[in-house]
Amino acid sequence: MFFQRLLGKSPTPGADPGAGALATPVARRADALLRRLEWTVLRRLDGLLQGDHRTLMRGSGLDLADLREYQHHDDVRHIDWNVTARLQTPHVRVFTEDREMAAWFLLDLSPSVDFGSGEQRKSQVLLDFTAVLARLIGRHGNRVGAVLYGSRGQPVVDAVLPARGGRTQVLRLMQMVLQPPAVRPGANRQDGVTQLADLLRTAVHTVRQRGTVFVVSDFISEPGWEKPLGELARRHDVVAVRLLDPLELDLPDLGLIPIRDAETGEQLMVDTHDAGFRQRFARIAAQREAQLRESLARAGVDTLELATDDDLAEAVLRFIDLRKRRLREARNGLATRHVPTQLPTRDRRSLTTHREGARA
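Its first residue numbered 141, the sequence shown is counted upward by one per residue in our numbering.
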């Protein structure tokens, strides 16, 4: 496995988050974190996303579906005056109404996600993104649910949160991420690497109503997840939210250091002072990047890349802008439904991406 899995720490199992308002330290921590995100991130997104939710997800409200000639029973408020003036015949707008949506978060909480080379880990990025999007969706009367994988340090799906609305639901979800339920007495512990396919297969059978599905993971997993991801994308609007750390792409000169696989426990010493070793690491990382992006493109999902040193609000806004542009092009016949959307990352990672494209 790659270096990004090797220095992470396993999540600490805790007690059942429980339902009660702010009865536990974890509940108070979740509430404080959500208040901070509402103040620092949601306020920045609020004015910029009004009326644009369908550019990021299948949202509520009315969506323009077609134009047709005016009939006597039509509402005059739906007349499109620009088209009427151009064609010299009254035309009305026909809308498709979606009264509510359900958004699901498939959260990969395996040990490899609990890694970060800077001030925050990928697990913190996962929690912040999930809290912001869930709160943003839930405030408009929609419902959010979640499927958690590996939250107890075991490679299994260990929790399903049914879709509901409201701020309390967001807090409940955050508590489950911060302190997952304890392992049941007598349960067999399963050791091994991440099997992301198990999470996706569970979602195929769990998420019945059409909606938006966010797969939040670093996609460090055993092969075989591409097919269930494609099955999920054929029914839902799927967004792959990929978590990454700068150290996963470029290994600095740190000298002789011990590294440990967070999932298998395997340990070894590596000499990062060796330039040849760092070059081989960068080459393997670039190959994995190319293979991962190709797999996501084949599955027909849009991709949002979130690095541990990214600004969350700016990343979400860039992603929304790119999806709006792609959807406009698709309506004009300039793009197909499943064109992968990759977020522009910071200069260092952008150079890596461009080099991969040049070699391809």
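Note that the Cβ used here is the ideal one computed from N, Cα and C, for glycine as well.
{"Query": "Residues sharing a beta bridge with Pro398, DSSP", "Result": "Met409"}
{"Query": "Bridge-paired residues (DSSP) for Ser357", "Result": "Arg382"}
{"Query": "Exposed unless 16 or more other CB atoms sit within 10 angstroms - verdict on His376", "Result": "buried"}
{"Query": "Whole-angstrom distance between Arg168 and Gly405, CA atom to CA atom", "Result": "33 Å"}
{"Query": "Per DSSP, cross-strand counterpart(s) of Arg233", "Result": "Leu207"}
{"Query": "Three or more C-beta pairs below 8 Å linking the segment 294-313 and the segment 254-264", "Result": "no"}
{"Query": "Residue environment, Arg292, which counts as buried when at least 16 other CB atoms sit within 10 Å", "Result": "buried"}
{"Query": "Gln211 versus Ala242 - alpha carbon distance", "Result": "34 Å"}
{"Query": "Residue span of the alpha helix (DSSP H) that contains Asp171, given as start and end", "Result": "165-177"}
{"Query": "Residue span of the alpha helix (DSSP H) that contains Glu429, given as start and end", "Result": "415-439"}
{"Query": "Beta-carbon separation (whole angstroms), Val379 vs Val441, contact threshold 8 Å", "Result": "7 Å"}
{"Query": "Alpha-carbon spacing of Thr164 relative to Leu387, whole angstroms", "Result": "35 Å"}
{"Query": "Residue range of the unbroken alpha helix (DSSP H) whose run includes Phe269", "Result": "262-278"}
{"Query": "Nearest-angstrom Cα separation, counted from Asp248 out to Asp254", "Result": "10 Å"}
{"Query": "Simplified DSSP assignment, three categories, for Trp365", "Result": "coil"}
{"Query": "Reduced DSSP secondary structure (H/G/I, E/B, other) of Asp220", "Result": "coil"}
{"Query": "Same chain only: Cβ atoms within 8 Å of Arg208, ignoring 5 sequence neighbours per side", "Result": "His231, Val232, Val234"}
{"Query": "Where Glu454 sits in the DSSP three-state scheme", "Result": "helix"}
{"Query": "Residues near Val344 by beta carbon distance below 7 Å, same chain, minus five either side", "Result": "Pro368, Glu371, Leu372"}
{"Query": "His478 versus Leu444 - alpha carbon distance", "Result": "The pLDDT assigned to His478 is 40, lower than 50, so where the model puts this residue is not dependable, and the model offers no usable value."}
{"Query": "Local Cβ density within 10 Å of Asn282, reported as buried at 16 or more and exposed below that", "Result": "buried"}
{"Query": "Cβ-Cβ separation, Val410 to Phe117 (assumed contact under 8 Å), whole Å", "Result": "With the chain covering only 141 through 500, there is no way to say anything about residue 117."}
{"Query": "Where Gly285 falls: helix, strand or coil (DSSP)", "Result": "strand"}
{"Query": "Arg307, enclosing alpha helix (DSSP H) - first and last residue", "Result": "307-318"}
{"Query": "CB of Val355 within 9 Å of CB of Gly285, strictly", "Result": "no"}
{"Query": "Residues near Ala327 in its chain [Cβ-Cβ closer than 6 Å; skip 5 each side]", "Result": "In this prediction, Ala327 scores a pLDDT of 45, lower than 50, which makes its location untrustworthy; no coordinate-derived value is stated."}
{"Query": "Arg350: first and last residue of the uninterrupted alpha helix (DSSP H) it sits in", "Result": "Unbroken run through Arg350: none, as it is neither H nor E."}
{"Query": "Check whether Gly256 and Thr448 have beta carbons under 9 Å apart", "Result": "yes"}
{"Query": "Neighbourhood of Asp214 by C-beta, 8 Å cutoff - its chain only, sequence neighbours within 5 removed", "Result": "Val232"}
{"Query": "Own chain residues within Cβ distance below 8 Å of Leu246, not counting five before or after", "Result": "Ala286, Val287, Tyr289, Leu339, Leu340, Ala343, Val353, Phe354, Val355, Val356, Ser357"}
{"Query": "From Gly364, Ala437, Trp179, residue whose alpha carbon lies closest to that of Leu336", "Result": "Gly364"}
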